[in-house]
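For the sequence shown, counting from 1, position 193 maps to 195 in UniProt numbering; every step adds exactly one. Backbone N, C-alpha and C define an ideal beta-carbon position, used for all residues, glycine too. Nothing here was measured: the structure is a model prediction, and the numbers come from that model.
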Amino acid sequence: KKICVVGLGYIGLPTAVMFANHGVKVHGVDVNPAAVRSIQEKQLHIEENGLQERLNKAVDEGFLTASTTPEEADVFIVAVPSPINPDKTANLEYVREATKAIVPYVRKGNLVILESTVPPKTVERIMIPELIKSDLEIGVDLFVSHSPERVIPGRIFDELVNNDRIVGGINKKSAEMTKELYETFVKGTIHLTDATTAELVKVMENTYRDVNIAFANELAKMADLLDVNIWEAIKFANYHPRVNVHFPGPGVGGHCIAVDPWFLVELGGEKAQIVHMSRNTNDNMPAFTAQKTQAILNQNKIAGAKVAVLGLAFKGNVDDMRESPSTEVIYELQKLGLDVVSYDPHIKENKHVTQTQSLEEATKEADILLFLTDHNEFKEYNPLSISARNKIVFDTKNCLNREAWQEAGFQYHLLGDSKN
Ligand code: SAJ
3 KKICVVGLGY IGLPTAVMFA NHGVKVHGVD VNPAAVRSIQ EKQLHIEENG LQERLNKAVD
63 EGFLTASTTP EEADVFIVAV PSPINPDKTA NLEYVREATK AIVPYVRKGN LVILESTVPP
123 KTVERIMIPE LIKSDLEIGV DLFVSHSPER VIPGRIFDEL VNNDRIVGGI NKKSAEMTKE
183 LYETFVKGTI HLTDATTAEL VKVMENTYRD VNIAFANELA KMADLLDVNI WEAIKFANYH
243 PRVNVHFPGP GVGGHCIAVD PWFLVELGGE KAQIVHMSRN TNDNMPAFTA QKTQAILNQN
303 KIAGAKVAVL GLAFKGNVDD MRESPSTEVI YELQKLGLDV VSYDPHIKEN KHVTQTQSLE
363 EATKEADILL FLTDHNEFKE YNPLSISARN KIVFDTKNCL NREAWQEAGF QYHLLGDSKN
């Protein structure tokens with residue numbers, strides 16, 4: 003069997019590597035030469051635990067090749083971005099272009115699988131009309147399915163194997179062929195359904211998380227009305243067997259949770275009120291975080307302050323800045339007239355703010371240390387070794403050891419905790 007994987011990003015590359023590690027011949031395709039080189043030269047363009055070793059093995063054993071054009075294969079997997087436009091409508095051009103690109107290469111009996119998260123009906127309305135141009139009879143000579151990826155960055159290789167998988171076929175045969183393929187390495191259960199249901203399920207999962215986080219953020223704001231620590235309150239509520247409240251933070255980032263709910267808003271309009279409001283609540287958290295930072299500085303009578311933003315990635319232990327709340331927080335801080343420097347051990351460069359190469363450099367002239375992601379490196383810092391102009395720390399992820407920082411002479415503030 004041979005697989006052609008179109009799109010070598012955070013999902014496509016690990017998936018390609020995984021199949022190759024299981025003895026399947028894989029050809030990776032990307033329009034970005036850096037992504038292609040990452041296979042050809044074994045130089046990764048993304049960070050993921052365990053990816054480098056697995057990639058080396060796949061390439062060295064001759065199971066994985068890459069180029070900017072597709073090749074004939076038995077199976078085509080499409081894993082390209084499906085972002086939103088500035089007006090929050092879905093941008094399906096990458097899905098359309100990837101489908102167009104494989105049409106000249108598909109042959110009778112092939113299977114095409116879409117892994118990208120997409121608005122329900124995308125397979126039917128965007129992919130099928132392109133695939134028809136191959137002159138193959140869809141569902142008879144060419145099989146098509148949606149098998150959304152559900153892995154969490156940072157733990158992709160564990161989750162690729164152990165998570166259950168949803169497979170939605172345009173007919174039963176398409177779904178069954180897809181299941182058989184993923185059984186190569188998936189140990190979780192593979193559930194079969196139709197393509198539109200699978201599309202909806204994936205979007206629902208991420209929207210559930212967004213709505214739940216919005217609820218937590220709303221609670222965090224309300225903590226100011228009471229003398230409570232919302233993190234403690236959530237922890238206690240979650241001891242209930244049917245409650246699972248998520249956690250507040252400086253906003254929701256990444257290419258999934260901050261994007262996918264908009265697909266439902268576009269679809270449902272007025273019918274998607276909770277989803278829409280949750281998106282707005284989460285999008286408002288960076289401004290809220292910046293205002294809180296300003297309030298802490300005012301409380302300490304510090305004017306013309308310098309803020310050290312610690313963490314640029316959209317969440318802990320990843321190198322990905324897509325839709326990162328940090329970008330927005332920085333923008334809001336600058337709007338308030340504050341001077342900002344940043345440090346993130348996982349991000350090489352950014353275009354939004356001065357980035358320093360070490361924590362020491364970022365904090366030495368800072369008046370407040372603003373932690374926006376929960377990288378392990380941050381949790382492990384010894385606060386005694388950190389010098390700052392003013393020893394104030396604002397933890398938006400509950401990732402620091404309060405006692406240790408207080409003992410080191412820092413005034414410690416936590417988002418959603420008015421007990422400070
Ligand atoms: N966040 C919070 N509070 C929380 C949890 C997360 O503020 O309690 C924030 C994070 O800091 C981050 C954002 O939400 O900015 C998203 O992070 P995440 O860890 O929730 O999710 P992603 O985007 O890394 O991965 C999600 C996962 N979806 C679900 O858990 C339902 C993953 O399984 C999907 O495969 C992935 O989206 C995707 O690609 O769709």
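Within the same chain, Cβ atoms closer than 7 Å to the Cβ of L138 are found at V108, K110 and L144, the five residues on either side in sequence being excluded. If you check the C-beta of C258 against the ligand SAJ, you find a heavy atom less than 7 Å away.
Excluding five sequence positions before and after S389, the CB atoms of its chain that fall closer than 8 Å to its own CB belong to E362, T365 and K366, given in chain order. Check the Cα spacing between N246 and each of W233, H257 and C258: the tightest is with W233. H415 is bridged by DSSP to F396. Put simply, the backbone Cα of N165 is about 28 Å away from that of I104.
For T329, the closest C-alpha among the options L338, A315, V320 and I115 is that of A315.
For V254, the shortest C-beta to heavy atom distance toward the ligand SAJ is below 7 Å.
Annotated three-state conformation of A305 is coil, per DSSP.
When the beta-carbon positions are compared, V169 and L194 come within less than 8 Å of each other. In the DSSP assignment, R152 falls outside any alpha helix (DSSP H), carrying neither H nor E. In terms of CA proximity to D226, A297 leads the group A297, L66, I332 and H348. Following the DSSP letters along the chain, one finds V343 inside the beta strand (DSSP E) bounded by residues D341 to Y345. The residues G170, in chain order, have a CB closer than 7 Å to that of T199 in the same chain once the five nearest residues on each side in sequence are set aside. Judged by the Cβ position, A218 qualifies as a neighbour of the ligand SAJ at the 7 Å threshold, a heavy atom of the ligand being closer than this. The Cβ atoms of G313 and F373 sit closer than 8 Å to each other. In the three-state reduction of the DSSP assignment, V77 falls in the strand class. T17: member of the alpha helix (DSSP H) spanning G14 to N23, first to last residue. For G30, DSSP records a beta bridge to V7 and A68. By the 16-neighbour rule on beta-carbons within 10 angstroms, G339 is exposed.
Residue E351 holds the alpha-carbon nearest to the alpha-carbon of D322 among Y333, A274 and E351. The closest CA to that of Y96, considering only K381, V120, F265 and P35, is found on V120. Uninterrupted alpha helix (DSSP H) stretches at least 4 residues long and entirely within the region 227-315 occur at 232-239, 263-270, 275-285 and 287-301, given in chain order. Pairing A100 with V82 gives a Cβ-Cβ distance under 8 Å. The beta carbon of P150 sits closer than 7 Å to those of E117, T119, I168, A200 and K204, all from its chain and outside the five residues before and after it, given in chain order. A residue is called buried when at least 16 other Cβ atoms come within 10 angstroms of its Cβ; G52 does not meet this threshold and is exposed.
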